[in-house]
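Asker: Please find one structure pasted underneath; my questions will follow.
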Amino acid sequence: MPAQSLPEDIEYRQRLKWGSVFQYTTKQHSRADVLTPNYFHNISQRYLDMGDEIHVCIQHLDGSWSKGLFEVILIDHKNTEIEQLGSWRSSGGERADKKRPASTKAA
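Just so we're on the same page, the working numbering is the position in the sequence shown counted from 1, plus 316.
In structure tokens, the structure reads:
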């Protein structure tokens, strides 16, 4: 069975004139899981509507994050389709743990 979104991982952020914004944060799933067809179908009937935006944040084992923005483009009784808006962004992890070098500017 393909991965599905978890209802406890979605958070309502705000209502806009044309739709709502949701934050979906998970540690259990990967980018590939989120891109699986119907990944959000199990929560779409209860929470989502066409035109809503979903800000997806995935925390990886090394502490880094992947962030992506999606729009809900179709919801019916069999399918929920999302479209990715832009590319994935990554941050944190081992790079964030490294100390920045001291400034070399003269005081």
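Where is the CB? At the ideal position from N, CA and C, for every residue including glycine.
At what residues does the alpha helix (DSSP H) containing Arg347 begin and finish?
Answerer: For the purposes of this step, residue 347 is taken as residue 31 along the sequence shown, with counting starting at 1. 347-350 is the extent of the alpha helix (DSSP H) around Arg347.
Asker: Give me the Cα-Cα distance between Leu322 and Lys333, rounded to the nearest whole angstrom.
Answerer: If you number the sequence shown from 1, residue 322 lands on position 6. If you number the sequence shown from 1, residue 333 lands on position 17. The alpha-carbon atoms of Leu322 and Lys333 are separated by roughly 26 Å.
Asker: Within a Cβ cutoff of 7 Å, which residues of the same chain sit near Gly402, ignoring the five residues on either side of it in sequence?
Answerer: Here residue 402 refers to the residue found at position 86 when the sequence shown is read from its first residue. Around Gly402: Leu385.
Asker: With respect to the beta strand (DSSP E) encompassing Ser321, which residues constitute its N-terminal and C-terminal limits?
Answerer: Position 5 of the sequence shown holds residue 321. Taken as a continuous stretch (DSSP letters only), Ser321 belongs to no beta strand (DSSP E), as it is neither H nor E.
Asker: Taking C-alpha atoms, which residue in Ser382, Asp392, Cys373, Glu397 lies nearest to Ile326?
Answerer: On the sequence shown, residue 326 is found 10 positions in, with the first residue counted as 1. With distances taken between Cα atoms, Ile326 lies closest to Cys373.
Asker: Whole angstroms are fine: how far does the CA of Glu397 sit from the CA of Tyr355?
Answerer: Mapped onto the sequence shown, residue 355 falls at position 39. Mapped onto the sequence shown, residue 397 falls at position 81. Each residue's Cα considered, the two are about 9 Å apart.
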